[in-house]
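What follows is a short report on a single structure.
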Amino acid sequence: MAGPLTLREIVQRLGGRVAGDPDTRVHQVASLEAAAARHISFFTGSRYRAQLAATRAAAVVLGPEAEGETALPRIVADNPYAYFARLSQLFNPLVVQEPGVHAAAVVAKSAKLGARVSVGAGCAIGERVTIGDDSVLYPRVVIYPGCSIGARVIVHSGAVIGADGFGIAEDQGRWVKIPQIGAVRIGDDVEIGANTTIDRGAIDDTVIEEGVKLDNQIQVGHNVRIGAHTAIAGCTGIAGSADIGRQCTIGGAAIILGHLRIADHVNISAGTLISRSILKPGTYTGVYPFDEHAAWARAAAGLRRKGKRNG
Numbered sequence: 021m022a023g024p025l026t027l028r029e030i031v032q033r034l035g036g037r038v039a040g041d042p043d044t045r046v047h048q049v050a051s052l053e054a055a056a057a058r059h060i061s062f063f064t065g066s067r068y069r070a071q072l073a074a075t076r077a078a079a080v081v082l083g084p085e086a087e088g089e090t091a092l093p094r095i096v097a098d099n100p101y102a103y104f105a106r107l108s109q110l111f112n113p114l115v116v117q118e119p120g121v122h123a124a125a126v127v128a129k130s131a132k133l134g135a136r137v138s139v140g141a142g143c144a145i146g147e148r149v150t151i152g153d154d155s156v157l158y159p160r161v162v163i164y165p166g167c168s169i170g171a172r173v174i175v176h177s178g179a180v181i182g183a184d185g186f187g188i189a190e191d192q193g194r195w196v197k198i199p200q201i202g203a204v205r206i207g208d209d210v211e212i213g214a215n216t217t218i219d220r221g222a223i224d225d226t227v228i229e230e231g232v233k234l235d236n237q238i239q240v241g242h243n244v245r246i247g248a249h250t251a252i253a254g255c256t257g258i259a260g261s262a263d264i265g266r267q268c269t270i271g272g273a274a275i276i277l278g279h280l281r282i283a284d285h286v287n288i289s290a291g292t293l294i295s296r297s298i299l300k301p302g303t304y305t306g307v308y309p310f311d312e313h314a315a316w317a318r319a320a321a322g323l324r325r326k327g328k329r330n331g
């Protein structure tokens, strides 16, 4: 831990502005409800006014528009939530495995590992895999042959990268497997959550661009492309050949059908089914009860017509 630190020392490292006593000393971060006299917390909106009024925190991080909400010593920052994230990193440096390959990991002879790569117990890294500098694979990660991982990538336990996509063709009532001959290419600074799966491409590669953040238990189908700095929450399912833009956010349990395009800067709410391409930025939400398909289609069409008339 870096603490204790004064507010003056914090803004010298992270920026922002102190209002109140700059020599206020804090030892750790905490929520408004759980904070004690040694903690610093954060305030991001009026719905938390009651918690702010009752908090026992020594100091708080807030935005310029909220500076007058409390008399506590405070750090004023344009983006208090992001500032608090960096502050928490300051007090709680990220813990990673030591560089090197654990004795219980299996790494193919043709795999190429960059400098300071860490491979945890039970990992399996296939032939011709490449992993960039400073990347960390936690225990039981599996990377199939031919896949590439960029620098500073974090892959959490149980993730599988490069398994076959769902490629099958029907022939007289039986399924014929389509060989999945593409790979997976993952850019720099990506984080992949526990038990998330990223399928290899059927012909071309599945691509995860730089800075993408994937939560736990996400399914990424074959030939999907996810644009740089997009963040996707847990239990989302992305069908094959979907093309997701840059700097998008996708809420938990969303479903994105295959062969669709999602533009840059799109926000998809939790539990939303995306059944058609989204070609302009914005926030999209849709939760609709299931029914027999024909009845559901008629009801959905009726709602859409009604919405257009009312609009």
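Residue 31 in the numbering used here sits at position 11 of the sequence shown, and the numbers go up by one each step. Ideal Cβ positions, reconstructed from N, Cα and C, are used throughout, including at glycine.
{"Query": "Below 8 angstroms on the Cβ atoms is my contact criterion, and I expect residue 299 with residue 283 to pass it. Report the Cβ-Cβ distance as a whole number of Å.", "Result": "5 angstroms"}
{"Query": "Per DSSP, what are the beta-bridge partners of residue 184 in this structure?", "Result": "DSSP, once it has assigned bridges, lists no residue as partnering residue 184."}
{"Query": "Please list the terminal residues of the continuous beta strand (DSSP E) segment that includes residue 108.", "Result": "No beta strand (DSSP E) contains residue 108, which is instead part of the alpha helix (DSSP H) from 100-111."}
{"Query": "Measuring only the C-alpha atoms, how far is residue 198 from residue 318?", "Result": "35 angstroms"}
{"Query": "Which partner residues does residue 48 have in the DSSP bridge list?", "Result": "59"}
{"Query": "From residue 253 to residue 242, what does the alpha carbon distance come to, in whole angstroms?", "Result": "19 angstroms"}
{"Query": "Tell me which residue opens and which closes the beta strand (DSSP E) that residue 39 is part of.", "Result": "37-39"}
{"Query": "When you compare only the Cα positions, how much space is there between residue 115 and residue 158?", "Result": "11 angstroms"}
{"Query": "Got a sec? Which residues, its chain only, sit under 6 angstroms from residue 135 by beta carbon, not counting five neighbours each side?", "Result": "153"}
{"Query": "Let me know if residue 235 comes out buried or exposed under the rule of 16 or more other beta-carbons within 10 Å of its beta-carbon.", "Result": "buried"}
{"Query": "Assuming the contact rule is C-beta atoms closer than 8 angstroms, residue 248 and residue 231 should be a hit. Round their C-beta distance to whole Å, please.", "Result": "5 angstroms"}
{"Query": "Where residue 70 and residue 99 are concerned, what is the direct C-alpha to C-alpha distance, given to the nearest angstrom?", "Result": "21 angstroms"}
{"Query": "What number of angstroms, rounded off, separates the C-alpha of residue 210 from the C-alpha of residue 125?", "Result": "22 angstroms"}
{"Query": "Excluding the five sequence neighbours on either side, which residues of its own chain have a C-beta within less than 6 angstroms of the C-beta of residue 83, listed in chain order?", "Result": "100"}
{"Query": "Helix, strand or coil: which one does DSSP assign to residue 205?", "Result": "strand"}
{"Query": "Looking at the structure shown, is residue 300 part of a helix, part of a strand, or coil, going by DSSP?", "Result": "coil"}
{"Query": "Buried or exposed: where does residue 52 fall if 16 or more other Cβ atoms within 10 Å of its Cβ makes it buried?", "Result": "buried"}
{"Query": "Is it buried or exposed, residue 67, if we count other Cβ atoms within 10 angstroms and call 16 or more buried?", "Result": "exposed"}
{"Query": "Starting from the C-beta of residue 297, find all residues in its chain whose C-beta is less than 8 angstroms away, skip the five residues before and the five after it, and write them out in chain order.", "Result": "280, 281, 282"}
{"Query": "Could you check whether the Cβ of residue 135 sits closer than 9 angstroms to any Cβ belonging to chain C?", "Result": "Checking the listed chains, one finds no chain C in this structure; it contains a single protein chain."}
{"Query": "On the criterion of 16 or more Cβ atoms from any shown chain inside 10 Å, does residue 33 qualify as buried, or is it exposed?", "Result": "exposed"}
{"Query": "Which residues in the same chain as residue 162 place their Cβ atom closer than 6 angstroms to its Cβ, once the five residues preceding and following it in sequence are excluded?", "Result": "144, 180"}
{"Query": "Hey, out of 40, 160, 295, 113, whose CA is closest to residue 215's CA?", "Result": "160"}
{"Query": "Using the C-alpha atoms, what's the distance from residue 57 back to residue 72?", "Result": "14 angstroms"}
{"Query": "Smallest Cα separation from residue 38: which of 76, 63, 87?", "Result": "87"}
{"Query": "Can you grab the Cα-Cα spacing for the pair residue 120 / residue 138, in whole Å?", "Result": "5 angstroms"}
{"Query": "Quick one, which of 85, 81, 54, 93 has its alpha-carbon nearest residue 74's?", "Result": "54"}
{"Query": "Can you tell me whether residue 323 is buried or exposed, with buried defined as 16 or more other CB within 10 angstroms of its CB?", "Result": "exposed"}
{"Query": "For residue 164 and residue 183, what's the separation of their Cα atoms in angstroms?", "Result": "6 angstroms"}
{"Query": "Round the Cβ separation of residue 400 and residue 146 to the nearest angstrom and send it over; I've been treating them as touching at under 8 angstroms.", "Result": "With the chain running from 21 to 331 in the structure shown, residue 400 is simply not present."}
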